[in-house]
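Protein chains in written order, with my numbering: chain H, 2 to 419; chain X, 63 to 224.
Note that the Cβ used here is the ideal one computed from N, Cα and C, for glycine as well.
This structure is a prediction, so every number in the text was calculated from the model and none was measured.
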Ligand code: FES
Ligand SMILES: [Fe+2]
């Protein structure tokens with residue numbers, strides 16, 4: 002990168018491909034604002050939650066898309082609506098509960114009342130007050146409640162998962178995913194009702210894209226996550242594939258665990274710990290489930306807002322909620338399926354010890370993201386390198402490639418116009 | 063809240079136990095930490111949101127002493143993380159119940175400060191211990207300790223036991 006490209010910087014991508022990623026992509030607040038507009042609020046479907054979180058009519062959950070607070074709510078007719086949590090009157094973020102059950106939404110400030118679809122139903126003193134035989138005050142004659150509802154989002158539900166978009170011209174959710182990603186999505190959410198196991202939440206002081214990259218990066222697990230390797234869950238010689246949608250924005254890392262253990266050659270990194278045994282092997286008490294249809298782990302990145310995790314019996318959604326260019330909240334929703342036996346539920350909960358902010362193989366991801374951001378901030382004129390597996394973007398049948406990261410930035414450049 | 067019949071002697075033992083636990087964890091003395099648990103034990107670190115809503119998910123859910131040992135192996139040998147110190151402030155315990163078989167259910171509030179290298183102490187985790195303890199001839203052992211924390215977000219990662 003040229004020496005002239007110092008602070009103040011013009012965000013110019015001065016490399017012919019995406020095997021180099023400029024640090025300003027992670028440090029520039031203006032770029033971040035543009036990302037929110039172009040990636041989170043336009044043209045994309047963003048994750049809002051699971052149907053299982055709002056099982057009854059009137060149930061709602063407050064969440065976010067990008068940095069905008071929204072409410073996902075179930076109507077009496079069982080359909081799901083998503084509305085923005087900003088009052089149409091003077092803009093207050095009126096909903097303060099994280100979840101609950103309600104018949105309508107009322108903003109406490111001046112008691113404007115909305116139905117569950119977000120339509121304004123009532124405005125106090127709309128017709129003023131009667132005093133000395135005269136009507137005083139009130140809304141203008143031409144004030145129409147129908148003009149002042151909450152911002153309504155487009156909603157897509159599939160397999161018990163709910164996505165929403167501020168952009169009413171967005172393509173269908175199915176087209177947004179594309180056929181390859183859709184098939185992996187449907188594998189995990191195949192129509193069985195989901196059961197909610199609970200949440201893990203962490204605030205990671207790094208740019209939100211680093212989390213997408215982390216799950217598009219099969220280079221690191223066998224190297225950073227010593228625990229995975231030590232106990233035979235990650236092996237470089239596992240059968241594996243990297244797949245993308247046609248825009249390269251979404252991806253899946255698919256791997257199938259071999260026999261594991263000592264009988265086959267594993268990576269050099271791990272071999273000295275080959276003999277390690279868990280004191281309690283039930284952490285890794287894996288039971289093959291029919292719906293897997295082969296792969297023991299499929300990690301999907303749906304750009305920009307969510308990661309869908311299947312790591313053996315542990316399944317979760319991981320919601321990316323940015324706050325500024327240098328931080329995001331990462332919300333894990335663990336679930337099971339309606340036909341799970343109590344033993345399977347226990348198994349999913351035990352294996353969840355591997356994941357989340359305290360997880361054996363996830364705590365370190367949050368840490369490296371934090372320290373990556375530190376590196377970017379101190380050297381914003383520099384760039385990172387993603388050249389493993391070459392400079393091209395292509396699907397592979399192995400894990401020794403950073404192609405998914407290159408793909409994501411090819412898409413990012415197109416949308417961001419840089 | 064119903065009053066219990068705990069003896070002064072047992073209350074002092076209990077108080078000493080809570081403070082010993084804090085000291086052991088602050089010193090990262092993991093052997094001593096393990097010794098404070100019964101063979102059959104549960105240790106969980108769980109968000110209050112999950113606990114209050116009866117959702118079973120926890121940031122850490124260890125249900126045997128073997129799992130506790132595996133956790134210590136993980137934090138000392140395998141998990142990469144920024145080094146940090148912990149400092150616990152633990153309130154006096156509140157006895158919830160006591161059985162004639164020497165099992166006490168009690169709770170105490172805690173605050174954990176985290177200090178990283180080059181850093182300044184920050185409030186890291188705030189919550190309460192919800193415990194089932196057994197008074198034995200060899201001292202008090204933890205049968206179950208739930209750390210129910212108020213923080214909506216864990217500050218990036220949670221490595222050491224609290
Ligand atoms: S700001 Fe909501 S009613 Fe006035
Ligand atoms: Fe990782």
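Interface flag, residue 416(H) vs chain X, CB-CB below 7 Å: Within the first chain, numbered from 1, the residue matching residue 416(H) stands at position 415. It does not; no Cβ of chain X falls within 7 Å.
Three or more C-beta pairs below 8 Å linking the stretch 86-101 of chain H and the stretch 52-69 of chain H: The stretch 86-101 of chain H is in contact with the stretch 52-69 of chain H.
Residues near residue 410(H) in its chain [Cβ-Cβ closer than 7 Å; skip 5 each side]: Working through the first chain from its first residue, we reach residue 410(H) at position 409. Cβ contact annotation for residue 410(H) (same chain, cutoff 7 Å, sequence separation greater than five): 19 and 22, in chain order.
Assigned exposure category for residue 11(H) - 16 Cβ within 10 Å defines buried: Reading the first chain from its first residue, position 10 is the one you call residue 11(H). Residue 11(H) comes out exposed.
Near ligand 2: residue 219(H) beta-carbon under 6 Å from a heavy atom: As a first step, residue 219(H) must be located in the first chain, where it is residue number 218. Answer for residue 219(H): no, Cβ out of range of ligand 2.
Residue 88(H) CB to nearest heavy atom of ligand 1 below 6 Å: Within the first chain, residue 88(H) is the residue found at index 87, counting from 1. Flag set: Cβ of residue 88(H) near ligand 1.
Contact residues within the stretch 173-207 of chain H, judged by C-beta distance below 7 Å to chain X: Within the stretch 173-207 of chain H, the residues whose Cβ lies closer than 7 Å to any Cβ of chain X are, in chain order, 197, 198, 199, 200, 201, 202, 203, 204, 205 and 206.
Beta-carbon contacts of residue 422(H) that lie in its chain and below 8 Å, excluding the five residues immediately before and after: Only positions 2 to 419 of chain H appear in the structure, and residue 422(H) is not among them; the question remains open.
Residue from 236(H), 120(H) and 285(H) whose Cα sits closest to the Cα of residue 150(H): Working through the first chain from its first residue, we reach residue 150(H) at position 149. Comparing Cα positions, the closest option is 120(H).
Collapsed DSSP secondary structure at residue 300(H) in the structure displayed: Within the first chain, the letter at position 299 stands for residue 300(H). Residue 300(H) falls in the strand class under three-state DSSP.
Burial state of residue 216(H), where buried means 16 or more other Cβ atoms lie within 10 Å: Indexing the first chain from 1 puts residue 216(H) at position 215. Of the residues assessed, residue 216(H) falls on the buried side of the cut-off, its CB having 16 or more other CB atoms within 10 angstroms.
First and last residue of the uninterrupted alpha helix (DSSP H) at residue 127(X): Your numbering for residue 127(X) matches position 65 in the second chain. Segment 127-135, the alpha helix (DSSP H) holding residue 127(X).
Residue environment, residue 193(X), which counts as buried when at least 16 other CB atoms sit within 10 Å: Along the second chain, read from residue 1 onward, the residue named residue 193(X) stands at position 131. Residue 193(X) is buried by the Cβ-count criterion.
Contact under 7 Å by Cβ, residue 163(H) with residue 49(H): Here residue 163(H) refers to the residue found at position 162 of the first chain. Here residue 49(H) refers to the residue found at position 48 of the first chain. A contact, by the Cβ cut-off of 7 Å.
For residue 131(H): DSSP bridge partner residues: Taking the first chain and counting its residues from 1, one reaches residue 131(H) at position 130. Answer is 136(H), bridged to residue 131(H).
Proximity of residue 316(H) and residue 297(H) at Cβ, strictly below 7 Å: By one-based count along the first chain, residue 316(H) stands at place 315. By one-based count along the first chain, residue 297(H) stands at place 296. Judged by beta-carbon spacing, residue 297(H) lies beyond the 7 Å limit of residue 316(H), meaning their Cβ atoms are not closer than that value.
CB contact check: residue 359(H) to chain X, cutoff 7 Å: One-based indexing of the first chain puts residue 359(H) at position 358. With its beta carbon less than 7 Å from one in chain X, residue 359(H) belongs to the interface.
Rounded separation between residue 225(X) and residue 215(X) - CA only: Lying before the first or after the last residue shown, residue 225(X) is absent from chain X, which here runs from 63 to 224.
Limits of the beta strand (DSSP E) - the one that residue 50(H) falls within: Position 49 of the first chain, counting from 1, holds the residue named residue 50(H). Residues 47-51.
Residues of the stretch 280-293 of chain H with Cβ closer than 7 Å to any Cβ of chain X, in chain order: Result list: 280, 281 and 284.
Nearest-angstrom Cα separation, counted from residue 354(H) out to residue 283(H): Translated into the one-based positions of the first chain, residue 283(H) becomes position 282. Translated into the one-based positions of the first chain, residue 354(H) becomes position 353. Their backbone Cα atoms lie some 11 Å apart in a straight line.
Alpha helix (DSSP H) runs contained entirely in the stretch 223-252 of chain H, provided each spans 4 or more residues: Restricted to the stretch 223-252 of chain H, the alpha helix (DSSP H) segments that are unbroken, complete and at least 4 residues in length are 227-231, listed in chain order.
C-alpha distance - residue 115(H) paired with residue 104(H), whole-angstrom precision: The sequence position of residue 115(H) within the first chain is 114, counting from 1. The sequence position of residue 104(H) within the first chain is 103, counting from 1. In a straight line, the C-alpha of residue 115(H) is about 9 Å away from that of residue 104(H).
Boundaries (first-last residue) of the beta strand (DSSP E) holding residue 188(X): Looking up residue 188(X) in the second chain gives position 126. Secondary structure note for residue 188(X): its beta strand (DSSP E) is the uninterrupted segment 184-198.
Inter-residue CB distance, residue 127(H) and residue 292(H) (contact presumed, cutoff 8 Å): Here residue 127(H) refers to the residue found at position 126 of the first chain. Here residue 292(H) refers to the residue found at position 291 of the first chain. Between residue 127(H) and residue 292(H) a beta carbon distance of about 54 Å is seen, past the 8 Å cut, so the two are scored as non-contacting.
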